[in-house]
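Here the sequence shown stands for residues 996 to 1234, where the numbers follow this note's numbering.
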Amino acid sequence: MLLWTMFQPMSIYRIVDTGPDFLVVYKSPGTNMHFQGQTPGLCALVREDLRMPALWPVHRLDQDTSGLVLLATTKNAARDLGLLFQNQQVNKFYLALTDKTPKKKHGLIQGDMQRSRRKTWKLCRSLHSPARTQIIARSVILGLRLVVLRPLTGKTHQLRVAMKALGAPILGDRLYHEQVYPWPDRLYLHAHTLCFTFRGQQWTFCCPPDEGQYFSHEKIRQGVQDLGSLVDLPWPALG
């Protein structure tokens, strides 16, 4: 039986590391990237706290997703880093939890994404401009599975839709998971690793999840640790 409590973020963000003309920032779940009404987003908060004249987000995370975000500190870096993401030259690795058994535990999920109802998307069988995601799923505790996701494309809601298509929507996903009570304390999706080459140097940044009742669970934390480097996992062939 799964029991839930309301999620309270430890902090809105924290600086994980820095590079040449960029910051690596941990974004807490529930934090918007940009202004939402009168509420400042991640970029504005970091810029104000660090008293910087400007910051540029070069990619984004959904409001309810936690994890690593790159913020450029110059226009040139914003352009160059943005091109890396646009050209799919950044390796991104996510962690998710699901309370269902996915139809596939190791493989490639791909298909065109089509608008559905309630601002959601669905995965189709066609492959005209497909979303492509590699997955590796492992059991960690009774009733929960830890899933490592590697998006090879950058479509809206791509990972959430892929998990839904596998019959294992992400825990706490208000759009793609059926209603349960009590509702989970957060969306259990976390951007764990970013790996890319910039200014002639290879960069790899990692940040394990630590917010949320289940990401804080001892056995799940151990399961994440046992994975080791997500980059070096036995990823399925892309054939």
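Note that beta-carbon positions come from the ideal geometry of N, C-alpha and C, so glycine has one too.
Other residues of its chain near Asp1012: CB distance less than 7 Å, five sequence neighbours each side excluded = Val1019 and Phe1200
request  = Starting from the C-beta of Leu1228, find all residues in its chain whose C-beta is less than 8 Å away, skip the five residues before and the five after it, and write them out in chain order.
outcome  = Ile1131, Val1143 and Leu1222
task = Hey, could you find the ends of the beta strand (DSSP E) Lys1087 is sitting in?
result = Asn1086 to Thr1093
message = Do Asp1168 and Arg1155 count as a contact pair if the criterion is CB distance below 8 Å?
response = yes
key: Boundaries (first-last residue) of the beta strand (DSSP E) holding Met1158   = Careful: Met1158 lies outside any beta strand (DSSP E), inside the alpha helix (DSSP H) at Gln1153 to Ala1160.
task = State the beta-bridge partners of Ala1186 as determined by DSSP.
result = Gly1062 and Tyr1089
ask   = Does the Cβ-Cβ distance between Leu1076 and Leu1065 come in under 8 Å?
value = yes
ask   = Do you know offhand how far Ala1157's Cα is from Ile1104's?
value = 7 Å
Rounded straight-line distance, which links the Cα of Arg1127 to that of His1152 = 12 Å
Simplified DSSP state of Cys1202, which is helix, strand or coil = coil
key: Cβ pair His1185, Leu1225 closer than 8 Å   = no
ask   = What is the DSSP secondary structure of Trp999, reduced to helix, strand or coil?
value = Because the pLDDT at Trp999 is just 37, under 50, the model does not fix this residue reliably, and the value given afterwards should be weighed accordingly. Reduced to three states, the DSSP call for Trp999 is coil.
ask   = Hey, would you say Gly1014 sits closer than 8 Å to Phe1193, going by beta carbons?
value = yes
request  = Would you kindly report the start and end of the unbroken alpha helix (DSSP H) that includes Phe1080?
outcome  = Lys1070 to Gln1081
message = Measuring straight from C-alpha to C-alpha, what distance separates Leu1079 and Gly1149?
response = 12 Å
message = If I measure Cβ to Cβ from Gln1084 and keep anything under 7 Å in the same chain, skipping five residues before and after, which residues do I get?
response = Phe1191
query = Would you say the region 1043 to 1052 touches the region 1085 to 1104, given that touching needs at least three Cβ pairs under 8 Å?
reply = no
ask   = Opposite Tyr1008 in the DSSP bridges: which residues?
value = Lys1022
key: Where the alpha helix (DSSP H) containing Arg1042 begins and where it ends   = Leu1037 to Leu1045
Leu1045 versus Gln1174, Arg1120, Arg1110 and Thr1068, residue with shortest Cα-Cα distance = Thr1068
query = Which term fits Ser1124, buried or exposed, when burial requires 16 or more other beta carbons within 10 angstroms of its beta carbon?
reply = exposed
query = What is the C-beta distance between Gly1162 and Asp1094, in whole angstroms, given that I count them as a contact (C-beta under 8 Å)?
reply = Incorrect: roughly 12 Å between the Cβ atoms, too far for contact.
inquiry  = When you compare the CB positions of Met1047 and Gly1036, do they come within less than 8 Å of one another, or not?
reply    = no
ask   = CA-CA distance, Leu1147 and Leu1118?
value = 15 Å
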